[in-house]
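**Student:** This structure is in structure tokens; I'll ask about it shortly.
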Amino acid sequence: MTPVPADLLVTNVTIAAPSTGWSPMVGWLACRDGVIAALGTSAEIAPRATKTIDGDGGLVLPGLRNAHTHGSEILARGTADGLDLGDWLAAVWPRLDGLTPEQMAVAVRFGALLSIRCGITSIVDHLRRNPMSDEVIEAAAAAYEQVGMRALMAVMVRDRVGANNRAVGAGHLSGLEPAHRQLERIAAAAQKLASDRIAIGIGPSASLRCTDEMLSGVASLSRVSGLPIHVHAAETVDEVADEQRDFGMTSFERMERLGMLGERTACAHCVWLKPQDIDILAASGSVAVHNPVSNLRLKSGVADVPALLAAGVKVAVGTDGAASNDGVDVWEALKFAALLPRRNGETAAVPDSVALLDMVTTTGATALGGHGVPFEIGAPADFCLYPAAEAPLTDDANSFAAALVLSGPRRPSYVAIGGALVLERGAFVHIDEAETVRQARHLARELMA
Ligand SMILES: [Zn+2]
Numbered sequence: 042m043t044p045v046p047a048d049l050l051v052t053n054v055t056i057a058a059p060s061t062g063w064s065p066m067v068g069w070l071a072c073r074d075g076v077i078a079a080l081g082t083s084a085e086i087a088p089r090a091t092k093t094i095d096g097d098g099g100l101v102l103p104g105l106r107n108a109h110t111h112g113s114e115i116l117a118r119g120t121a122d123g124l125d126l127g128d129w130l131a132a133v134w135p136r137l138d139g140l141t142p143e144q145m146a147v148a149v150r151f152g153a154l155l156s157i158r159c160g161i162t163s164i165v166d167h168l169r170r171n172p173m174s175d176e177v178i179e180a181a182a183a184a185y186e187q188v189g190m191r192a193l194m195a196v197m198v199r200d201r202v203g204a205n206n207r208a209v210g211a212g213h214l215s216g217l218e219p220a221h222r223q224l225e226r227i228a229a230a231a232q233k234l235a236s237d238r239i240a241i242g243i244g245p246s247a248s249l250r251c252t253d254e255m256l257s258g259v260a261s262l263s264r265v266s267g268l269p270i271h272v273h274a275a276e277t278v279d280e281v282a283d284e285q286r287d288f289g290m291t292s293f294e295r296m297e298r299l300g301m302l303g304e305r306t307a308c309a310h311c312v313w314l315k316p317q318d319i320d321i322l323a324a325s326g327s328v329a330v331h332n333p334v335s336n337l338r339l340k341s342g343v344a345d346v347p348a349l350l351a352a353g354v355k356v357a358v359g360t361d362g363a364a365s366n367d368g369v370d371v372w373e374a375l376k377f378a379a380l381l382p383r384r385n386g387e388t389a390a391v392p393d394s395v396a397l398l399d400m401v402t403t404t405g406a407t408a409l410g411g412h413g414v415p416f417e418i419g420a421p422a423d424f425c426l427y428p429a430a431e432a433p434l435t436d437d438a439n440s441f442a443a444a445l446v447l448s449g450p451r452r453p454s455y456v457a458i459g460g461a462l463v464l465e466r467g468a469f470v471h472i473d474e475a476e477t478v479r480q481a482r483h484l485a486r487e488l489m490a
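According to the numbering used here, the sequence shown is numbered sequentially starting from 42.
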């Protein structure tokens, strides 16, 4: 019997992935029905395939996961530089909170385009718009689907003025619906929009900006529906102090008490943690999402990632929104994650390169609500092929992994998501790049004028 051919075969490449411990392997990969069907060395015979790409000595890596961003902020790069979180929120978000569905779609398409150009195949879009609307959620989902990108859209909810009320103002809350209505909207969106590419999550802005009723409702919806939770936590020292003042406990103590923490929950930032918060995070199995660039840009602080890792906390990496980054480049965030622990000459427990690479792939996938190791046989075929010049020159495993972290490859020439090419020979398959950029530029100038 003739063996079933692969749908897509990539030959003549160096492959590095979590499943190989990030050691480079020269060979080929085959995809069938959207998943990695086989990997082989150059000495092994590759299967026949419907479509074959000669990788020409290039580098194949799993698609990166950006575990925390806000899609619409891509329109506001460079805005309000030098401000801290509170003042920055006041400067940026009034311009973005009123996006129409069509405008949200423009932002999402442009952000997805830039993400794929950076080698990212999946993101958490902590989706903010105020007031939220069904149409905006649907437009964002349709835009990700159009590009062919995976997204966990964690729809933002909040029902309380918190530490940044100087930024958000009482009037900012006037359009917000009651907690139960906000959560019903998310449950309905999950029913309607969840697909192979799109997942819907529950996105409390931060525990400080939610009542107990809202946080309990978030926990209960997640328990009943299995939807992931994505929340900002302990981002600034002011927020932590305000939560202590208003509730007599830390954000993590409060979230744990209200049932919000667990393996489906990811907490962005985790900069200002008390020792008990680290214990709670580790025991709960929740993911901490490190956003080193944004935390520096907004003067929030530096998360103690070595302490989190030492306690057994799962750590992923995000860029945060592009208005506080000012891009979507996870390779850049990873380099900051590697170097920040060395800033004062510390010699203790700097995360090694393999652990760092896992943060933007395996743990990143967990933060996106999925599990498993990317790039194993049977895993979704989400990968990037970079030109040969982008690949590390060494074949020493340690140096190879370090070179990826410190000098990550840019500008893939091919990107496949679920075994389907979304970027081919450097060109987008499903969207017109020039038109996408033109629309984003026009809209950004209109909004930021
Ligand atoms: Zn954020």
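Each residue gets a CB set at the ideal place from its N, CA and C atoms; glycine is no exception.
(1) DSSP has G102 in a bridge; who is on the other side?
(2) Mind checking whether the beta-carbon of D361 lies closer than 7 Å to any heavy atom of ligand 1?
(3) Quick check on the burial criterion: 16 or more other C-beta atoms within 10 angstroms. Buried or exposed for L510?
(4) Report the residue ranges of all alpha helix (DSSP H) runs contained in full by the segment 237-285; include only those spanning at least 4 residues, in chain order.
(5) Find the nearest neighbour of L462 within the set A374, M190, A348, judged by alpha-carbon distance.
(6) Can you check which of these residues, D279, F151, G460, is closest to E474 by C-alpha distance?
(7) Find the nearest neighbour of L398 within the set T141, I86, F377, judged by alpha-carbon distance.
(8) Apart from the five residues just before and just after M489, which ones in its own chain have a Cβ nearer than 8 Å to its Cβ?
(9) Buried or exposed for S236, going by 16 or more other Cβ atoms inside 10 Å?
(10) Among W372, L381, V54, I241, which residue has its Cα nearest to the Cα of P269?
(11) With a threshold of 7 Å (Cβ to nearest heavy atom), would H109 be considered close to ligand 1?
(12) Reducing DSSP to helix, strand and coil, say where W69 ends up.
(13) With DSSP collapsed to three states, give me the class of H471.
(14) For H331, which three-state DSSP category applies?
(15) Look up A363 in the DSSP assignment and say whether it is helix, strand or coil.
(16) Would you call E114 buried or exposed, if buried means 16 or more other Cβ atoms sit within 10 Å of its Cβ?
(17) Go ahead and label Q317 buried or exposed: buried means 16 or more other beta carbons lie within 10 angstroms of its beta carbon, across all protein chains shown.
(18) Taking N53 as part of the alpha helix (DSSP H), name the residues at either end of that continuous run.
(19) CA-CA distance, A408 and A357?
(20) Residues in the same chain with beta-carbon distance under 6 Å from E304, minus the five sequence neighbours each way, listed in chain order, please.
(21) For K233, which of A364, M255, A182, T360 has the nearest alpha-carbon?
(22) For L434, does the count of other Cβ atoms within 10 angstroms reach 16, so buried, or fall short, so exposed?
(23) What is the DSSP secondary structure of H167, counted as helix, strand or coil?
(24) Return helix, strand or coil for T93, following the three-state DSSP convention.
(25) Can you give me the Cβ contacts of V334 inside the same chain, cut-off strictly under 6 Å, excluding the 5 residues immediately before and after it?
(26) Should A148 be listed as close to ligand 1, given that the test is whether its C-beta is under 7 Å from any heavy atom?
(27) Suppose you measure from the CA of A379 to the CA of A323; what does that come to, to the nearest Å?
(28) Starting from T407 and walking both ways along the alpha helix (DSSP H), at which residues does that stretch end?
(29) State the DSSP-derived secondary structure class of I418, mapped to helix, strand or coil.
(30) When the Cα atoms are used, what is the spatial distance from N171 to A78?
(31) Could you tell me the boundaries of the alpha helix (DSSP H) in which D227 lies?
(32) Is H483 near ligand 1, judged by its Cβ being under 7 Å from some heavy atom?
(33) Within 10 angstroms of its Cβ, does A71 collect 16 or more other Cβ (buried), or is it exposed?
(34) Quick check on the DSSP output: the alpha helix (DSSP H) that includes K376 runs from which residue to which?
(35) Looking at the structure shown, is T477 part of a helix, part of a strand, or coil, going by DSSP?
(36) Pull up the CB-CB distance for V401 and L155, whole angstroms please, since I reckon it's below 8 Å.
**Tutor:** With the given structure in hand:
(1) One-based indexing of the sequence shown puts residue 102 at position 61. It should be noted that the sequence gives Leu, not Gly, for residue 102. Its beta-bridge partners are C425.
(2) In the sequence shown, residue 361 corresponds to position 320, counting from 1. Correct: D361 has its Cβ closer than 7 Å to ligand 1.
(3) For the chain, the structure presents residues 42 to 490; residue 510 sits outside this window and is missing.
(4) 253-266
(5) Taking the first residue of the sequence shown as position 1, residue 462 is located at position 421. It is M190 whose Cα lies nearest to the Cα of L462.
(6) Numbered from 1 along the sequence shown, position 433 holds the residue referred to as residue 474. Nearest of D279, F151, G460 to E474, Cα basis: F151.
(7) Counted from its first residue, the sequence shown places residue 398 at position 357. Ranking the options by Cα distance to L398, first place goes to F377.
(8) Taking the sequence shown and counting its residues from 1, the one referred to as residue 489 is at position 448. Excluding residues within five positions, the ones whose Cβ falls inside 8 Å are L116, A117, T120, R136.
(9) For the purposes of this step, residue 236 is taken as residue 195 along the sequence shown, with counting starting at 1. Exposed, since its Cβ has fewer than 16 Cβ neighbours within 10 Å.
(10) Translated into positions along the sequence shown, residue 269 becomes position 228. Answer by Cα proximity: I241.
(11) To locate residue 109, count along the sequence shown from 1; it is residue 68. Answer for H109: yes, Cβ within range of ligand 1.
(12) On the sequence shown, position 28 is the one that residue 69 refers to. Strand.
(13) The residue labelled residue 471 in the question sits at position 430 within the sequence shown. H471 falls in the coil class under three-state DSSP.
(14) The residue you call residue 331 lines up with position 290 of the sequence shown. The answer is strand: DSSP assigns H331 an E or B state.
(15) For the purposes of this step, residue 363 is taken as the residue at position 322 of the sequence shown. Helix.
(16) For the purposes of this step, residue 114 is identified with residue 73 of the sequence shown, where counting begins at 1. Buried is the call here.
(17) Along the sequence shown, read from residue 1 onward, the residue named residue 317 stands at position 276. With fewer than 16 Cβ atoms within 10 Å of its Cβ, Q317 is classed as exposed.
(18) Against the sequence shown, residue 53 aligns to sequence position 12. Not the alpha helix (DSSP H): N53 falls in the beta strand (DSSP E), residues 47-56.
(19) Here residue 408 corresponds to residue number 367 of the sequence shown, with the count starting at 1. Here residue 357 corresponds to residue number 316 of the sequence shown, with the count starting at 1. Approximately 7 Å, taken between the alpha carbons.
(20) One-based indexing of the sequence shown puts residue 304 at position 263. So the qualifying residues of the chain are G326.
(21) Counting from one through the sequence shown, the residue named residue 233 turns up at place 192. Taking only the C-alpha atoms, the option nearest K233 is A182.
(22) As a position in the sequence shown, residue 434 is number 393, starting the count at 1. Exposed, by the Cβ-count rule.
(23) Taking the sequence shown and counting its residues from 1, one reaches residue 167 at position 126. Strand at H167.
(24) Here the question's residue 93 lines up with position 52 in the sequence shown. Residue state, collapsed to three classes: strand.
(25) To locate residue 334, count along the sequence shown from 1; it is residue 293. Within the same chain, V334 has close Cβ partners N366, A374, F377.
(26) Your numbering for residue 148 matches position 107 in the sequence shown. Answer for A148: no, Cβ out of range of ligand 1.
(27) Start at 1 with the first residue of the sequence shown, and residue 379 comes out as number 338. Start at 1 with the first residue of the sequence shown, and residue 323 comes out as number 282. Between A379 and A323, the C-alpha separation is close to 21 Å.
(28) Within the sequence shown, the letter at position 366 stands for residue 407. First-last of the alpha helix (DSSP H) with T407: 403-408.
(29) One-based indexing of the sequence shown puts residue 418 at position 377. It is coil, neither helix nor strand.
(30) On the sequence shown, residue 171 is found 130 positions in, with the first residue counted as 1. On the sequence shown, residue 78 is found 37 positions in, with the first residue counted as 1. Rounded to whole angstroms, N171 to A78 spans 44 Å at the Cα level.
(31) Locating residue 227 in the sequence shown gives position 186, counting from the first residue. The sequence shown places Ile at residue 227, rather than the Asp named in the question. 220-234 is the extent of the alpha helix (DSSP H) around I227.
(32) Reading the sequence shown from its first residue, position 442 is the one you call residue 483. Not so, every heavy atom of ligand 1 lies at least 7 Å from the Cβ.
(33) Position 30 of the sequence shown, counted from the start, is the residue given in the question as residue 71. The residue in question, A71, is buried, as its Cβ has 16 or more Cβ neighbours within 10 Å.
(34) Position 335 of the sequence shown, counted from the start, is the residue given in the question as residue 376. Where K376 is concerned, the enclosing alpha helix (DSSP H) stretches over 371-380.
(35) Counting from 1 along the sequence shown, the entry for residue 477 is found at position 436. Reduced to three states, the DSSP call for T477 is helix.
(36) Position 360 of the sequence shown holds residue 401. Position 114 of the sequence shown holds residue 155. The Cβ separation is near 16 Å, so there is no contact.
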